[in-house]
Amino acid sequence: MTKPAVKPAAPAIAIYINGKKQSYDQPPVIENGRTLVPLRGIFESLGATVQWDQKKQQITATKSKTKILLKIGSKSPTVNGKVVPIDVPGKVKNGRTLVPLRFVGEALGATVDYNATSRTIKITPKAETSNSTVTY
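Position 1 (the sequence shown) corresponds to 1 in UniProt numbering; numbering is contiguous.
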């Protein structure tokens with residue numbers, strides 16, 4: 001009788017913003033092929049201010065002329081009043097609010113690149129311009 005092979009744990013996901021490796025007290029989580037990260041860490045690393053409404057379970061993040069509203073459990077966040085559907089909603093895990101990394105990065109005007117082989121995510125914010133707009 002042979003024992004089933006034990007699959008080795010996947011290496012941790014490394015996240016870089018402008019070349020600087022990020023470190024969070026709650027590691028990134030992959031859910032349905034999407035990477036979720038602690039909201040405050042990612043929003044603030046991208047230069048946004050964050051407000052948490054405990055009663056509504058809603059995050060409001062602002063950066064320049066961009067305003068994001070994301071309700072925990074909802075797949076319909078808004079960016080500047082426009083609904084931008086996501087396939088994995090924000091959630092609370094281990095007392096931390098986690099949000100979809102790609103959605104947050106792109107909503108704030110950054111480029112998000114994922115390398116599956118190295119399990120590395122690189123986020124490159126775009127330079128601020130006076131007439132920048134976010135389009136979907």
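C-beta: ideal position from N, C-alpha, C; glycine also.
Given 8 Å as the limit, is there contact between the region 31-46 and the region 9-22, that is, 3 or more CB pairs closer than that? Yes, the region 31-46 is in contact with the region 9-22.
Taking all protein chains shown into account, do 16 or more other C-beta atoms lie within 10 angstroms of the C-beta of K93, making it buried, or fewer, making it exposed? By the C-beta density criterion, K93 is exposed, having fewer than 16 other C-beta atoms within 10 angstroms.
Do you know how far the Cα of T66 is from the Cα of I59? Cα-Cα distance, rounded: 14 Å.
Given a cut-off of 8 Å, decide if I121 and T62 are closer than it, judged by their beta-carbon atoms. Their beta carbons are not under 8 Å apart, which means T62 does not touch I121 by this criterion.
Do G109 and K82 have their C-beta atoms within less than 8 Å of each other? Contact: no.
G33, buried or exposed, once every other Cβ within 10 Å from all chains shown has been counted against 16: Result: exposed.
I need the straight-line Cα distance from A107 to N115, nearest angstrom please. So the two alpha carbons sit approximately 20 Å from each other.
List in chain order: all unbroken alpha helix (DSSP H) runs of 4+ residues lying wholly within the UniProt domain "Copper amine oxidase-like N-terminal" (16-123). Within the UniProt domain "Copper amine oxidase-like N-terminal" (16-123), the complete alpha helix (DSSP H) segments at least 4 residues long are 39-45, 101-107, listed from N- to C-terminus.
Could you pull out every residue in the same chain whose Cβ sits closer than 6 Å to the Cβ of T111, ignoring the five residues on either side in sequence? Close CB contacts of T111 within its chain, under the 6 Å cut and outside five residues either way in sequence, are with T124 (chain order).
Just to confirm before moving on: does the CB-CB distance between G90 and I72 stay below 8 Å? Between G90 and I72, the C-beta spacing is below 8 Å.
Residues near R119 by beta carbon distance below 8 Å, same chain, minus five either side: So the qualifying residues of the chain are A10, P11, A12, I13, A14.
Where DSSP assigns a beta bridge to P125, which residues make up the other side? P125 pairs with A110.
Let me make sure I understand the geometry here. Which of K55, D113, V37 has the alpha-carbon closest to that of S23? For S23, the nearest C-alpha among the options comes from V37.
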